[in-house]
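What follows is one structure encoded as structure tokens, with my remarks underneath.
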Amino acid sequence: MATLLDFRRRIRSVKNTQQITRAMKFVAAARLRRAQEAAIAARPYAKELARMLRSIMSRIAEPQHPLLARRPEERILTLVLTGERGLAGAFNANILRKALDFFRANKGKKISAIPVGKKGRDALRKAGFNLIAEYVNVLARVDFGTAREIAALVTDLYAKEEIDSVYIVFSEFKTVMTSNLVVTKLLPIEAVQADEESSAERATSQIDYIYEQPADQLLDKLLPRYVETQVLRAMLESSAAEHGARMTAMESATKNAGDVIDALTLHMNKVRQAAITKEIIEIVSGASYGA
Amino acid sequence: MMPDAIELVIVTPEKQLLRQKVADVQMPGENGYLGILPGHAPLMTELGIGELSYHESGGKEPAHIAIIRGFAEVLPDRVTILAETAERAEEIDLQRAKDALARAQKRLAANDPNIDWDRASVALQRALVRVQVGTKRRSALVSGS
């Protein structure tokens, strides 16, 4: 039977764990705030760029560009955005499951992947997928340079017709508790997402612009930028979602540790009481025997 | 009706740098500098590496911003700048910019056939603009005080 000392030790150990999980929760909360701010700060650029792009595309009758070219999907490249580290609940597992589901749904086609984040790299490599490149230790501080590098790599492969489409699997940040797993098509660019087209925009879409450069040349420059911002957005969302997931996981871990401590304390007190009772009985019966 | 001010919006992938009513804008177009006044005809252009300056409505001293590539959309009452990087004069670390300039000059002067010439000359231009814009701020400070 466990003695009092054993209980004390276990309680102390659980308390230590709880301190660690609590600290991790606070760290995740701080990082989440930063990630959210970064995601919000990146929005105006993406919005204005999409608006410009739509406005140009609507003016060119038949936009021709390698990044718009559609081919039968035979060779699919997938960007898989996971976290760099574990202890984030089911965050990484969910993304990887989604990615594997996607691969399974496209059985028979040639599939390659680019993992972003250490967890995804490890898992995909272990599963024996064809990894074209890998980006690890880039999500701690998401910067535009990395997004740009990734975008340049995939657009280059696509333009060289080495792949027929590019998808991106990531976790979209909704709230701290929930995130959406999404699989979206990055290339070919199908339609530039029109998020809430304002009346001002509809008004400007009728205007005849003077172009300093020919419109298709502008389009040439704008499309790769658009892919970059899409990658950047996914990275920012994913990092916010990761921190959110870690915060929730660590919060429930802290709570669980509290429950365990309570249960252990209750047990310990029972054992202590039993020991005292036993001692009293011994003394009493010893005393009556002696009398 | 002629608008009497332009709303200048400068955004970079990382953040929105500026949203302000201004009286005029000079910006580095790909094919040369463009001066924009209120009521300008709608225009779209690519931006090169250079210095953007503007006067606040009623302001005398122009403000300077170093712009490195991007796009601009001009409407009669609005100018939207999508820059790859944009830095206000006061945000530029002049010493670092000067160091970068010296490095770029050295690399180009070395006449090494192995260097990526385009990249090196872009680095040089970039450093030049940052130094140029950074210096403007300093001199404005001195003359202002």
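Respectively, the protein sequence lines represent chains P and A. Here the first sequence stands for residues -5 to 285, numbered as in our numbering. Here the second sequence stands for residues 704 to 848, numbered as in our numbering. The beta carbon of each residue, even a glycine, is placed where N, CA and C say it ideally should be. Quick caveat: nothing in here was measured; it's all calculated off a predicted structure.
Under a Cβ-count criterion, where at least 16 other Cβ atoms within 10 Å of its own Cβ denotes burial, should residue i be classed as buried or exposed?
i: Lys168/P; result: exposed
i: Gln13/P; result: exposed
i: Thr223/P; result: buried
i: Leu180/P; result: buried
i: Thr76/P; result: buried
i: Leu260/P; result: exposed
i: Ser846/A; result: Since pLDDT at Ser846/A reaches only 47, below the 50 mark, its modelled position is unreliable, and no value is offered.
i: Leu785/A; result: buried
i: Ser756/A; result: buried
i: Thr72/P; result: buried
i: Thr271/P; result: exposed
i: Gly122/P; result: exposed
i: Glu794/A; result: exposed
i: Ser159/P; result: buried
i: Glu273/P; result: exposed
i: Ser52/P; result: exposed
i: Ala308/P; result: Because chain P spans -5 through 285 in this model, residue 308/P falls outside it and cannot be assessed.
i: Ile277/P; result: exposed
i: Arg6/P; result: exposed
i: Lys249/P; result: exposed
i: Lys101/P; result: exposed
i: Ile108/P; result: buried
i: Ser282/P; result: exposed
Looking at the strands, I want to know which residues DSSP matches up with residue i.
i: Thr748/A; result: Ala775/A
i: Gly753/A; result: Ile770/A
i: His758/A; result: Asp727/A
i: Phe164/P; result: Val176/P
i: Gly735/A; result: Gly732/A
i: Pro109/P; result: Val74/P
i: Thr788/A; result: Ile771/A
i: Tyr129/P; result: Val110/P
i: Asn124/P; result: Ser106/P
i: Tyr220/P; result: Tyr220/P pairs with nothing; no bridge assigned.
Once the 5 residues before and after residue i are set aside, which same chain residues still bring their CB inside 7 Å of it?
i: Arg25/P; result: His237
i: Lys175/P; result: Before going further, note that residue 175/P is Leu rather than Lys in the sequence given. Only Asn88, Ile89, Lys92 and Ser165 meet the Cβ criterion.
i: Glu776/A; result: Met747 and Thr783
i: Gly111/P; result: Leu75, Thr76, Gly77, Glu78, Val130 and Leu133
i: His743/A; result: Val777 and Pro779
i: Thr242/P; result: Gly83, Val170 and Met171
i: Gln50/P; result: At residue 50/P the sequence reads Ile, which differs from the Gln that was named. Within the same chain, Ile50/P has close Cβ partners Ala209, Leu212, Leu213 and Leu216.
i: Ala228/P; result: Leu75, Ile162 and Phe164
i: Arg4/P; result: Leu258
i: Glu68/P; result: Lys103, Lys104 and Asp158
In chain order, what residues of the same chain have a beta carbon less than 8 Å from the beta carbon of residue i, not counting five sequence neighbours either side?
i: Leu(-2)/P; result: Met262, Val265, Arg266 and Ala269
i: Ser848/A; result: With a pLDDT of 35 at Ser848/A, under the threshold of 50, the modelled position of this residue cannot be trusted; read the value that follows with caution. For Ser848/A, where only same-chain residues beyond five positions count, there are no Cβ hits under 8 Å.
i: Val8/P; result: Ala251, Val254, Ile255 and Leu258
i: Met244/P; result: Thr15, Arg16, Met18, Lys19, Ala22 and Leu81
Excluding the 5 residues preceding and the 5 following residue i in the sequence, name in chain order all residues of the same chain whose CB lies nearer than 6 Å to its CB.
i: Arg240/P; result: Ala22 and Ala82
i: Glu787/A; result: Ile771, Arg772 and Gly773
i: Ala247/P; result: Thr15
i: Arg722/A; result: Val712
i: Val225/P; result: Ala141, Ile144 and Ala145
i: Leu720/A; result: Ile713 and Ala789
i: Ile768/A; result: Leu755, Ala789 and Arg791
i: Ser760/A; result: Ala708, Lys724 and Ala726
i: Asn124/P; result: Ser106
Below 8 Å on the Cβ atoms is my contact criterion, and I expect residue i with residue j to pass it. Report the Cβ-Cβ distance as a whole number of Å.
i: Pro218/P; j: Arg64/P; result: The Cβ separation is near 18 Å, so there is no contact.
i: Asp727/A; j: Gly738/A; result: 7 Å
i: Ile70/P; j: Lys103/P; result: 6 Å
i: Ala823/A; j: Arg833/A; result: The pair is not a contact, with the Cβ atoms about 16 Å apart (cut-off 8 Å).
i: Glu754/A; j: Val825/A; result: That belief does not hold up - the Cβ atoms of Glu754/A and Val825/A are roughly 16 Å apart, past 8 Å.
i: Phe96/P; j: Val177/P; result: 5 Å
i: Val136/P; j: Ala32/P; result: 6 Å
i: Asp116/P; j: Pro745/A; result: Rounded, the Cβ-Cβ distance is 51 Å, inconsistent with contact.
i: Ala35/P; j: Glu717/A; result: 6 Å
i: Ala800/A; j: Ala766/A; result: That pair is no contact at about 18 Å.
For the ligand MN, I want to know if residue i counts as a neighbour, meaning its beta carbon is within less than 7 Å of at least one of the ligand's heavy atoms.
i: Phe20/P; result: The ligand content of the structure shown is nil, which means the ligand MN is not present either.
When the Cβ atoms of the region 745 to 754 of chain A are set against those of the region 801 to 813 of chain A, are three or more pairs found closer than 8 Å?
As far as the Cβ criterion goes, the region 745 to 754 of chain A does not touch the region 801 to 813 of chain A, which means the pair count is below three.
Quick check: the region 49 to 65 of chain P against the region 74 to 90 of chain P, are at least 3 beta-carbon pairs closer than 8 Å?
The region 74 to 90 of chain P is not in contact with the region 49 to 65 of chain P.
Tell me, please, whether the region 135 to 142 of chain P touches the region 207 to 215 of chain P by the rule of three or more beta-carbon pairs shorter than 8 Å.
Taking 8 Å as the limit for Cβ pairs, the verdict is that the region 207 to 215 of chain P does not touch the region 135 to 142 of chain P.
How do the region 39 to 50 of chain P and the region 113 to 128 of chain P stand: do at least 3 beta-carbon pairs fall below 8 Å, yes or no?
Using a Cβ-Cβ distance cut-off of 8 Å, the region 39 to 50 of chain P and the region 113 to 128 of chain P are not in contact, since fewer than three pairs of beta carbons, one from each stretch, lie closer than that value.
What are the residues of the region 215 to 226 of chain P that lie near chain D, defined by any Cβ-Cβ distance shorter than 9 Å?
Of the protein chains in this structure, namely P and A, none is chain D.
With three or more C-beta pairs closer than 8 Å as the rule, is the region 150 to 161 of chain P touching the region 0 to 18 of chain P?
They do not touch, by the three-pair rule.
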